[in-house]
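> Going by full-length UniProt numbering, 190 is the number at position 190 of the sequence shown; the sequence numbering is gapless.
Don't be surprised by glycine CBs; every beta carbon is placed ideally from N, CA and C.
Keep in mind it's a predicted model, so treat the numbers as computed, not measured.
Below is a structure I'd like to ask you about.
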Amino acid sequence: MATVSDDRIVTALARFASAGALAGQTEFERAFTAVVASSGPREDACWRAFYRNSVAELRGGQAAFSPVHRRARSLLVGRSILEVGCCFGLLALQCAQDGYAVTACDICPGALHLLDDAANTLGLPIITRRGDARALPLATDSVDTVTLIHLLEHLDGPDVAVALREALRVARRRVVVAVPFEERPSAHFGHRQQLTDDDLRAWSTDLTGCTATIFTDHGGWLVLDHR
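The structure is reproduced here in structure tokens:
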């Protein structure tokens, strides 16, 4: 339990997936939760250790995903943040530690329940909302920045445009998008698309009323600012 963390488990299970021992997203996620829950005598304590260790590794730069979260946090504007597709909410927790007013949204109620408990344990005032990226349960212009960090590769092509329009609707100032650049989509992570700079440029040309900035840093980034 002293070492259980997102980075350690993902790294280990990805090796099993590459070797064919885990097939697809469902098996990967079941194995992930089983590892966390069995890392100590009490499941609730295991998850709290998972969150404590994972956030510390991400903030300290030890996790493979640290550069992505660091860059995402550097791009936030204003004081209120919505993380769409938050999953366990590890980025949301870091943003709350930085003093932002954070709302975290995900389609999975189990992940939000875990995040609620982690935020309460860490004393961080995060609001969680169950919802779909294609129909966000927030009012227009209700937060300063909306983030979609490693989310859009989970969607089919037509749904990406819908999710981006929804993010722009909710954001007063900025939308921050990050996607992985992979040789082939990682099925165990539930990725549906192999993405490149060309995709980011194509997405941005279909959007009106905003300016787009595209760059590469541990994957691709698309930053949309309202005019």
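How about Gly85 and Ala34: do their beta carbons lie closer than 8 Å?
Taking the sequence shown and counting its residues from 1, the one referred to as residue 85 is at position 85. Taking the sequence shown and counting its residues from 1, the one referred to as residue 34 is at position 34. It is not a contact, given that the beta carbons lie outside the stated cut-off.
> Name the DSSP beta bridge partners of Trp221, please?
Working through the sequence shown from its first residue, we reach residue 221 at position 221. Note: Trp221 sits in a beta bridge opposite Ala178, Phe215.
> Relative to the C-alpha of Arg8, which candidate in Asp44, Ser80, Ala21, Ser54 has its C-alpha closest?
On the sequence shown, position 8 is the one that residue 8 refers to. Cα-wise, what sits closest to Arg8 is Ser54.
> Would you decide whether Arg130 is buried or exposed? Buried here means 16 or more other CB atoms lie within 10 Å of its CB.
Locating residue 130 in the sequence shown gives position 130, counting from the first residue. Exposed, by the Cβ-count rule.
> If you run the structure through DSSP and keep just helix, strand and coil, what is Pro145?
Residue 145 sits at position 145 when you count from the first residue of the sequence shown. Here residue 145 turns out to be Thr, not Pro, going by the sequence shown. Thr145: strand per DSSP, three-state reduction.
> Is the distance from the Cβ of Ala167 to the Cβ of Val175 below 8 Å?
Looking up residue 167 in the sequence shown gives position 167. Looking up residue 175 in the sequence shown gives position 175. Contact: yes.
> Return the residue from the list Ser186, Gly209, His226 that minimises the CA-CA distance to Gly20.
Taking the sequence shown and counting its residues from 1, the one referred to as residue 20 is at position 20. When each option's Cα is compared against that of Gly20, the closest is Ser186.
> Quick one: grab the DSSP three-state call for Asp156.
Within the sequence shown, residue 156 is the residue found at index 156, counting from 1. Coil at Asp156, not helix or strand.
> Assuming Val68 contacts Ile149 (C-beta within less than 8 Å), just tell me the rounded distance between them.
Within the sequence shown, numbered from 1, the residue matching residue 68 stands at position 68. Within the sequence shown, numbered from 1, the residue matching residue 149 stands at position 149. At roughly 7 Å, the Cβ-Cβ gap stays under 8 Å, so Val68 and Ile149 are in contact.
> Going by DSSP, which residues form a beta bridge with Asp44?
Translated into positions along the sequence shown, residue 44 becomes position 44. DSSP output for Asp44 lists no bridge partner at all.
> Among residues of its own chain, excluding the 5 on either side of Gln25, which ones have a beta-carbon nearer than 8 Å to its beta-carbon?
The residue given as residue 25 occupies position 25 in the sequence shown. So the qualifying residues of the chain are Ala187, His188, Phe189, Gly190.
> Look at the alpha carbon of Val4 and the alpha carbon of Phe65, and state the distance between them as a whole number of angstroms.
Translated into the one-based positions of the sequence shown, residue 4 becomes position 4. Translated into the one-based positions of the sequence shown, residue 65 becomes position 65. Approximately 16 Å between the Cα atoms of the pair.
> Quick check on this structure: which residue in Ser39, Cys95, Gln194 has the alpha carbon closest to the alpha carbon of Leu122?
In the sequence shown, the residue the question calls residue 122 occupies position 122. Measuring from the Cα of Leu122, the nearest candidate turns out to be Cys95.
> Going by beta-carbon coordinates alone, are Leu207 and Leu164 separated by less than 8 Å?
Numbered from its first residue, the sequence shown carries residue 207 at position 207. Numbered from its first residue, the sequence shown carries residue 164 at position 164. A contact, by the Cβ cut-off of 8 Å.
> Looking at the strands, I want to know which residues DSSP matches up with Ser39.
Locating residue 39 in the sequence shown gives position 39, counting from the first residue. Its beta-bridge partners do not exist; DSSP assigns none.
> If we ignore side chains and look at the alpha-carbon of each, how far apart do Gly61 and Asp225 end up?
Against the sequence shown, residue 61 aligns to sequence position 61. Against the sequence shown, residue 225 aligns to sequence position 225. Each residue's alpha carbon lies about 28 Å from the other.
> Output yes or no for whether 8 Å exceeds the beta carbon distance between Leu82 and Val170.
Numbered from 1 along the sequence shown, position 82 holds the residue referred to as residue 82. Numbered from 1 along the sequence shown, position 170 holds the residue referred to as residue 170. Their beta carbons are under 8 Å apart, which means Leu82 touches Val170 by this criterion.
> Checking the sheet assignment: what are the DSSP bridge partners for residue 228?
Outside the modelled stretch of the chain, which goes from 1 to 227, sits residue 228, for which no answer is possible.
> If you check the beta carbons only, do Leu115 and Ala92 fall under 8 Å apart?
As a working note, residue 115 is residue 115 in the sequence shown. As a working note, residue 92 is residue 92 in the sequence shown. The answer is yes: Cβ separation under 8 Å.
> Would you list the residues sitting across from Cys210 in a DSSP beta bridge?
Reading the sequence shown from its first residue, position 210 is the one you call residue 210. His226, per the DSSP bridge assignment.
> Rounded to whole angstroms, what's the CA-CA distance from Leu124 to Gly89? Just pull it up for me.
Indexing the sequence shown from 1 puts residue 124 at position 124. Indexing the sequence shown from 1 puts residue 89 at position 89. Each residue's Cα considered, the two are about 12 Å apart.
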